[in-house]
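The structure appears below as structure tokens.
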Amino acid sequence: MAIPLHLYLPIAGNSVNVVAVLGLGVAVGLLSGIFGVGGGFLMTPLLIMMGIPPTVAAASDSNQIVGASTSGTLAHFKMGNVDFKMGLLLLVGGVLGGTLGVQVIKILRAMGNADFLINITYVLMLGFVGGYMFLESLQALRKNKKPAKPQAESAEPAKPKKESAYARCIKAMPWQMDFPRSGIRLSVLMPLVLGVLVGVLAAIMGVGGGFIMVPVMVYLLRMPMHVVVGTSLFQILFTCINVTIMQSVENHTVDFVLALILLLGSSFGAQVGAKIGKRLHGDQLKILLATLVLVVMGKMLYGLLAQPSVLLAYMGGH
Amino acid sequence: MRGIKLCLITLFAILLSCPAALFAAEPAPAGLDFAVSPASVRIGATYDGTQLTVTGKAPAGSDVVVRFVGARSELHMKEKGKALGLLWMNLGSLTIENVPSVYLVAASRPLDEIGAAAAPYRLERVAQDVAIAPAEKDTPVNRQELIKLRREEGLYREVKAAVTLSPAEGASQDFRAVMPVPSKLAPGAYTVEVLALKDGKLAASGSSNVQVELVGVPAALADVAFNHSLIYGILATIVALLSGLAIGLVFQSKGAH
Chain A
1 MAIPLHLYLP IAGNSVNVVA VLGLGVAVGL LSGIFGVGGG FLMTPLLIMM GIPPTVAAAS
61 DSNQIVGAST SGTLAHFKMG NVDFKMGLLL LVGGVLGGTL GVQVIKILRA MGNADFLINI
121 TYVLMLGFVG GYMFLESLQA LRKNKKPAKP QAESAEPAKP KKESAYARCI KAMPWQMDFP
181 RSGIRLSVLM PLVLGVLVGV LAAIMGVGGG FIMVPVMVYL LRMPMHVVVG TSLFQILFTC
241 INVTIMQSVE NHTVDFVLAL ILLLGSSFGA QVGAKIGKRL HGDQLKILLA TLVLVVMGKM
301 LYGLLAQPSV LLAYMGGH
Chain B
1 MRGIKLCLIT LFAILLSCPA ALFAAEPAPA GLDFAVSPAS VRIGATYDGT QLTVTGKAPA
61 GSDVVVRFVG ARSELHMKEK GKALGLLWMN LGSLTIENVP SVYLVAASRP LDEIGAAAAP
121 YRLERVAQDV AIAPAEKDTP VNRQELIKLR REEGLYREVK AAVTLSPAEG ASQDFRAVMP
181 VPSKLAPGAY TVEVLALKDG KLAASGSSNV QVELVGVPAA LADVAFNHSL IYGILATIVA
241 LLSGLAIGLV FQSKGAH
């Protein structure tokens with residue numbers, strides 16, 4: 001029996017080309033394995049282009065990320081790149097922040113111009129984070145022309161930078177705790193509070209938060225880039241389990257057939273991605289991620305500036 | 001005189017487009033028998049759109065129009081507009097009623113050539129038949145954009161060259177229409193209608209129901225998703241976790257040696 005080229009998706013209510021969806025899964029899995037982001041920013045719009053309703057695309061994507069991030073976390077765990085302590089603290093903060101964010105968005109919607117505010121904030125934030133990361137890692141690359149050994153090193157940022165006010169401030173906070181995996185010492189409050197902030201933002205913007213979480217870990221928590229990627233995947237795993245179950249129960253928008261095809265591709269891609277990431281130096285990883293963030297920002301900005309081909313959209317999309 | 005005639009035709013068309021049961025007592029044009037094959041659409045795991053073949057006899061010398069129409073329902077939509085005169089985004093929301101889920105129409109001659117008699121069956125008419133609320137959103141642009149959106153999704157279509165007529169035999173002639181049913185199809189009842197237009201008038205018409213149903217794997221999955229949603233969500237998560245683990249382990253063992 002030949003493998004069918006098309007499969008009908010019972011929840012999405014449309015059929016898709018299996019090969020195309022599988023390929024999309026591999027591409028997004030690669031990104032998630034290399035950078036520790038979920039890849040929803042790429043996956044959801046492409047699925048919509050394939051004729052999947054927006055709500056189903058977003059929810060099934062979360063289900064798919066569960067598979068990809070399990071695979072990716074496992075790969076990074078093997079390389080010693082997952083800081084479970086830090087991940088759990090961020091997660092606790094993230095869950096609290098997510099709950100808070102849902103309330104904030106209700107208030108914003110009631111005030112009327114929520115969409116406008118969200119879009120502008122998103123573009124500005126991506127532009128700022130991407131631009132800063134890009135410049136910072138470019139400088140670092142120039143300073144350190146000879147790339148370090150290809151192994152995952154946890155030492156790059158340890159090279160004592162000038163003791164800034166920020167660093168002194170971190171040291172002064174109560175409840176200091178060691179995070180041996182990341183090789184840093186911080187107050188327990190830091191990951192908790194930052195987790196809440198990212199959770200709020202992710203809930204408001206309707207994205208997984210990988211794009212915000214990764215820079216936060218790199219610059220505010222000062223974790224080494226390779227550990228950031230593994231820890232981010234570990235945390236995304238739990239966020240997406242939560243979203244999958246909530247969406248299934250409340251909106252019936254998870255298409256299991258779609259998610260399964262995607263995750264077969266992306267779990268594979270995540271493994272390859274983790275291997276590629278290992279070969280890259282921390283600053284190279286940062287500059288690539290910064291470029292990716294800027295590209296996503298450019299795409300969003302274009303979407304805001306160019307006249308859409310159709311002036312009506314179904315409710316529930318972005 | 002011509003105006004009155006047109007008026008009557010339009011009136012007739014409006015009456016026809018109302019539910020058949022309500023107007024069963026009205027004097028209708030001659031009935032038209034036809035067969036639809038397959039008689040129902042079964043959506044299995046490998047469904048990717050299908051073709052419905054409609055065959056029957058129409059009065060000799062008439063143009064045959066065939067349409068395939070889905071259930072009419074209410075849509076909630078967002079209207080895009082410019083904020084600050086610069087940025088495109090979702091601004092207002094609106095509700096559109098009486099929107100058919102699918103609308104395919106085909107004819108034995110291009111619809112433009114048939115002219116006014118075919119007008120009630122064209123896509124423009126679907127745009128006129130919907131009701132938009134609130135009233136200030138009820139603009140011609142929004143009606144056109146609805147049709148455009150549905151066309152891009154492949155749900156609304158004027159199908160070209162899909163109806164063929166055989167040479168007339170006596171008072172009747174055979175027709176055969178092949179309707180391309182889209183892959184984006186929800187289960188439910190759909191209507192196939194055949195209209196024979198002659199001398200600018202509706203000479204005969206008939207309609208028949210086509211049932212679309214999920215079978216096999218899609219039916220089973222949809223049942224679990226809607227009736228046991230918590231189990232569905234948990235199962236989807238567990239399968240994703242296990243697949244991720246399995247693929248991770250496969251790579252691990254490969255990488256180790």
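Here the protein sequences come in this chain order: A and B. Each residue of the first sequence is one higher than the one before, counting from 1 in my numbering. Each residue of the second sequence is one higher than the one before, counting from 1 in my numbering. Each residue gets a CB set at the ideal place from its N, CA and C atoms; glycine is no exception.
Are the CB atoms of residue i and residue j nearer to each other than 8 angstroms?
| i | j | result |
| --- | --- | --- |
| S248 of chain A | S229 of chain B | yes |
| M133 of chain A | S182 of chain A | no |
| I320 of chain A | A57 of chain A | For residue 320 of chain A there is no data in the structure shown, the boundaries of chain A being 1 and 318. |
| V193 of chain A | G273 of chain A | no |
| L311 of chain A | V141 of chain B | yes |
| V214 of chain A | V196 of chain A | no |
| G321 of chain A | H226 of chain A | Absent from the model: residue 321 of chain A. The displayed extent of chain A is 1 to 318, so no value can be given. |
| Y103 of chain B | V69 of chain B | yes |
| V192 of chain B | A106 of chain B | no |
| Y190 of chain B | V210 of chain B | yes |
| E74 of chain B | G92 of chain B | no |
| Q78 of chain A | Q51 of chain B | One point to set straight first is that residue 78 of chain A is Lys, not Gln, in the sequence displayed. For K78 of chain A and Q51 of chain B, no; Cβs fall outside 8 angstroms. |
| N242 of chain A | A240 of chain B | no |
| A236 of chain B | F256 of chain A | yes |
Based on the DSSP secondary-structure assignment, which residues constitute the bridge partners of residue i?
| i | result |
| --- | --- |
| G248 of chain B | In DSSP, G248 of chain B forms no bridge with anything. |
| P59 of chain B | B:S172 |
| R157 of chain B | B:L104 |
| N90 of chain B | B:K80 |
| Y8 of chain A | A:S15 |
Determine the direct distance from the alpha carbon of residue j to that of residue i, and round the result to whole angstroms.
| i | j | result |
| --- | --- | --- |
| S40 of chain B | K148 of chain B | 28 angstroms |
| L74 of chain A | M315 of chain A | 38 angstroms |
| E250 of chain A | I107 of chain A | 21 angstroms |
| R125 of chain B | G230 of chain A | 57 angstroms |
| L90 of chain A | A246 of chain B | 27 angstroms |
| N14 of chain A | L258 of chain A | 10 angstroms |
| A30 of chain B | A204 of chain B | 5 angstroms |
| V42 of chain A | I11 of chain A | Note that residue 42 of chain A is Leu in the sequence shown here, rather than Val. Spanning the two alpha carbons is a distance of roughly 21 angstroms. |
| L100 of chain A | Y8 of chain A | 38 angstroms |
| L220 of chain A | I132 of chain B | 50 angstroms |
| G216 of chain B | G130 of chain A | 48 angstroms |
| G303 of chain A | T44 of chain A | 15 angstroms |
| E152 of chain B | M50 of chain A | 11 angstroms |
| V37 of chain A | A117 of chain B | 58 angstroms |
| L24 of chain A | M246 of chain A | 25 angstroms |
| S267 of chain A | L201 of chain A | 27 angstroms |
| L263 of chain A | P53 of chain A | 19 angstroms |
| M300 of chain A | V123 of chain A | 7 angstroms |
| P150 of chain A | A290 of chain A | In this prediction, P150 of chain A scores a pLDDT of 45, lower than 50, which makes its location untrustworthy; the coordinate-derived value is nonetheless stated afterwards. Cα to Cα, the separation comes out at about 20 angstroms. |
| P174 of chain A | M125 of chain A | 30 angstroms |
| I114 of chain B | S207 of chain B | 21 angstroms |
| P100 of chain B | V130 of chain B | 9 angstroms |
Which of the three DSSP states, helix, strand or coil, is assigned to residue i?
| i | result |
| --- | --- |
| V310 of chain A | coil |
| R369 of chain A | As displayed, chain A neither begins before 1 nor continues past 318, which places residue 369 of chain A out of reach and without an answer. |
| I43 of chain B | strand |
| E213 of chain B | strand |
| N251 of chain A | coil |
| K82 of chain B | strand |
| S71 of chain A | helix |
| G31 of chain B | strand |
| A203 of chain B | strand |
| P180 of chain B | strand |
| A27 of chain A | helix |
| V19 of chain A | helix |
| A191 of chain B | This sequence places Thr at residue 191 of chain B; Ala is not what is there. Correct three-state label for T191 of chain B: strand. |
| N98 of chain B | strand |
| R168 of chain A | helix |
| A162 of chain B | coil |
| A196 of chain B | strand |
| V54 of chain B | strand |
Take the Cβ of residue i as the centre, count every other Cβ of all protein chains shown within 10 Å, and call the residue buried at 16 or more, exposed below.
| i | result |
| --- | --- |
| P218 of chain B | buried |
| I231 of chain B | exposed |
| T139 of chain B | exposed |
| S166 of chain B | exposed |
| V64 of chain B | buried |
| G29 of chain A | buried |
| Y121 of chain B | buried |
| N98 of chain B | exposed |
| R157 of chain B | buried |
Taking any Cβ of chain E, which residues in the segment 28 to 44 of chain A have a Cβ under 9 angstroms from it, in chain order?
Within the model displayed, chain E is absent; protein chains A and B are what it includes.
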